[in-house]
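Working notes, beginning with the structure itself.
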Amino acid sequence: MQTCFQAGYEPARRRPSAQPANPQRVSYSLSSCCSLFTSVHHPLQVTTRTPVSPWQLGTWRAVPPLTRLPSFFPSSFTLPTPRTDPSPLFLAPHHPPTPASISSSVVSRFSSPGLVWPRLVLHSTRTVRRQRHRAPSAHFAIADPTRHRPRTPTTNTDTDTDFHDSQPHRHAHRHLTCSVLAPNFAMRSFLATGVAASLIASAGLVRAQSQYSIDSDDAIKKTAASVAWDMLQYYNGNETGATVGILPGPPPAGDYYWWEAGAMWGTLMDYWRCTGDTSYNDLIMAAMQHQAGPDADYQPSNVTLSLGNDDQGFWGMSAMLAAELKFPDPASDKPGWLALAQAVFNTQANPDRHDKTCNGGLRWQIPFSNNGYNYKNSIANGCFFNLGARLARYTGNSTYADWAETTWDWMYGVGYIDNDNYHVYDGAHVEKNCTDINKAQFSYNTGVLLQGAAHMYNYTKGAKKWEDRLTKLVDATIDVFFPNDIAFEISCEDHDTCTTDMLSFKGYTHRWMSVATKIAPFTSEKILPVLATSAEAAIKQCTGGDNGRLCGFKWKSGKYDGKTGVGQQMNVLAAVSSLLIENTPPPVTAKSGGTSKGNSDAGSKGDGSFQNHNKPVTTGDKAGAGIITFIVLATACGIFGWMSFGE
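Residue numbering for the sequence shown follows full-length UniProt numbering, starting at 1 and increasing by one per position.
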């Protein structure tokens, strides 16, 4: 068997400096008959000849002979991190080809536990009017997307199978011969001549069955690795000309607001914590440092005019997470993770952010001209509470705890935390003295308070009031957002009114609840079984996209809902990764191994970029009650008839 051709990839956008004279190419061998196996959505192997340098990160494109590539093969792919050795990459096909597909029963044998099929070498022939034309051979590796090296083959099995071509080629039909290099065990007969009919009959079944498993720790890690990889295909910040650290947006330039990238990097930190996979740590480091801004307080100039307290808070919580997890410290001339978290907290504790309306509390937006400046909501104050509680536990400084207590008391007193059932409502307007409470409930509002309360319980060494508060929050969260123990966004999911922001809330709730079990262990009995059931439902619906494994939003239905994105992938990544939380130590503190460099004066420059932002609200400044973005009002007002609106 001879190789049909060799083609390769080269960087689509080359960096201006530190560039080798002869760009490296990644070569591979394949042919159209690969469709037999790519139709089951296994990735194709691309092997680099040499290590990949940092300058070569970003999008790579196919180079000639491109015209000889099968249509389903990717014309480009992205390298998010340097590769220090020439180990294989695995690329998913762009779309499933139409010829015969392998049956699910055969697929299960290929991917059963303990079995790795390292390589299949295929060639095909076509008979037309008794003339035989030999098609090229194809080399294809079946392996998991975590990019482990295939095992060395030890035996050889040959089997011939006939397939009838659906195209009218004058009685032409195609013969495929598969030479399977398999591990050393008896499995010579599983591709018998009678399997062809079952392969064709079951072609439609493959896409509906999830490729993912969480039956063991290894399976969880492999599933999480694949979901993380697919999530990062939406990130282009490492490409030339793109902004490091952010997702495409904000609208209309792209789907995502600035805050969601900060949440994504935090999710990837938790992924690293739970799985030990360091593949994306360099991306995380670069993003978290670049977006810190000139004053190292997560107020970069490119988002200043649209900045919300919750937006800044999400980046601050991710910085705090880096300190708690002992994520690799930045260079000595860069701000430490603890200092970045302190800077966010200090800017939000600054008197410039607080006023007498509603007797306290943070506004949603920071610039007075923003829609939503007249709205004080749970997520802005919840992030501030969460960050204060975690800083108190990490540093032992009671000032942070005092702020957390004050924020909790304000939210409880104003009625954002329901005094009877601990349901957490979205917010209210300052013109109404925060009495027109918008009773929409979103899981991340409850989740951010739950994690903060767990830290206060730990900081106070199990104080009864924090035990009671945490217990009620856990009960309320499970009752409202986990019907049948499966995550469900009650205010928008059933009616398809969830905004892009809301499509990411389930993942944060999974992450925050799992962490609570490490610092308030009494919650484990209630939380962990629910998260396990929810994660199982999450992976079952990951059957979408061209690779047959992208995730949707509606876990309860058990079916892919046809829409995917960063939020949907991030949700499932968080749910799956969090299953390994029991294997991890609790978040560290400064006294229990924390190494992050702090600065209690960080963020002391205040809000120079927001001069006069406390200007009295006028009619022109008023905005509809919203969550993350005011667009929710336009999309959901028909559903949430009970919402409160500004005059």
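Backbone N, C-alpha and C fix where the C-beta goes; we use that ideal spot for every residue, glycine too.
Since I believe residue j is in contact with residue i (beta carbons under 8 Å), could you give me their beta-carbon distance rounded to a whole number of angstroms?
i	j	result
G241	Q291	Not quite, the Cβ-Cβ distance comes to about 17 Å (not below 8 Å), so this is no contact.
residue 655	L362	No information on residue 655 is available, as it lies outside the stretch 1 to 647 that the chain covers here.
I214	A535	6 Å
N599	Q342	6 Å
N386	Q299	So it is not a contact: roughly 19 Å between Cβ atoms.
residue 657	L531	Residue 657 is absent from the model: the chain starts at 1 and stops at 647.
A454	I519	5 Å
R549	N458	Not really, about 38 Å apart at Cβ, beyond 8 Å.
L325	R273	5 Å
A225	D277	6 Å
D546	K554	No, D546 and K554 are not in contact; Cβ-Cβ is about 20 Å, not under 8 Å.
D297	A602	7 Å
residue 677	V344	Summary: the structure shown does not reach residue 677, with the chain confined to residues 1 through 647, and so no result is reported for it.
L338	S604	Actually they do not touch by this definition, with Cβ atoms about 15 Å apart.
D426	S378	6 Å
N238	L283	7 Å
residue 657	N236	Given a span of 1 to 647 for the chain in the structure shown, any question on residue 657 remains unanswerable.
In this structure, how does DSSP classify residue i when only helix, strand and coil are distinguished?
i	result
E354	The amino acid at residue 354 is misidentified as Glu; the sequence shows His. H354: strand per DSSP, three-state reduction.
N377	strand
D297	coil
L325	coil
T446	helix
G241	coil
G254	coil
G507	helix
G388	helix
I486	coil
Y235	coil
H495	coil
L247	coil
I214	coil
G452	helix
R207	The pLDDT assigned to R207 is 47, lower than 50, so where the model puts this residue is not dependable, and the model offers no usable value.
N371	coil
N433	coil
D270	helix
A287	helix
N397	coil
G336	coil
P521	helix
G462	coil
T278	coil
A404	helix
D501	coil
A224	helix
S604	coil
A292	coil
A219	helix
T146	In this prediction, T146 has a pLDDT of 34, which is less than 50 and means its spatial position is unreliable; what the coordinates show is noted afterwards. T146 falls in the coil class under three-state DSSP.
A331	coil
Would you list the residues sitting across from residue i in a DSSP beta bridge?
i	result
L362	H354
V424	I417
N438	G427
G308	Q365
Contact between the segment 425-432 and the segment 452-464 is defined here as three or more beta-carbon pairs at a separation below 8 Å; is this criterion met? no
Under 8 Å: do the segment 559-579 and the segment 212-220 share three or more Cβ pairs, one atom per stretch? yes
Whole alpha helix (DSSP H) elements within the segment 528-600, 4-residue minimum: 566-577
Are there three or more Cβ pairs, one per stretch, closer than 8 Å when the segment 363-375 is compared with the segment 299-309? Yes: at least three Cβ pairs fall under 8 Å.
State whether the segment 583-598 contacts the segment 553-573, with contact taken as three or more CB pairs (one from each stretch) at a distance under 8 Å. no
Check whether the segment 285-302 touches the segment 257-271, taking contact to mean three or more Cβ pairs, one atom from each stretch, closer than 8 Å. Note that the segment 285-302 touches the segment 257-271; at least 3 beta-carbon pairs, one per stretch, sit closer than 8 Å.
Is it the case that the segment 506-522 contacts the segment 262-276, given that we only count it when at least three CB pairs across the two stretches are under 8 Å? yes
Quick check: the segment 390-398 against the segment 408-426, are there 3 or more CB pairs under 8 Å? no
Cβ pair count under 8 Å reaching 3, the segment 469-484 against the segment 417-428: In this structure the segment 469-484 lies against the segment 417-428, because at least three pairs of beta carbons, one per stretch, are closer than 8 Å.
So, do the segment 553-571 and the segment 483-502 have three or more beta carbon pairs nearer to each other than 8 Å? In short, these stretches touch, since the Cβ pair count reaches three.
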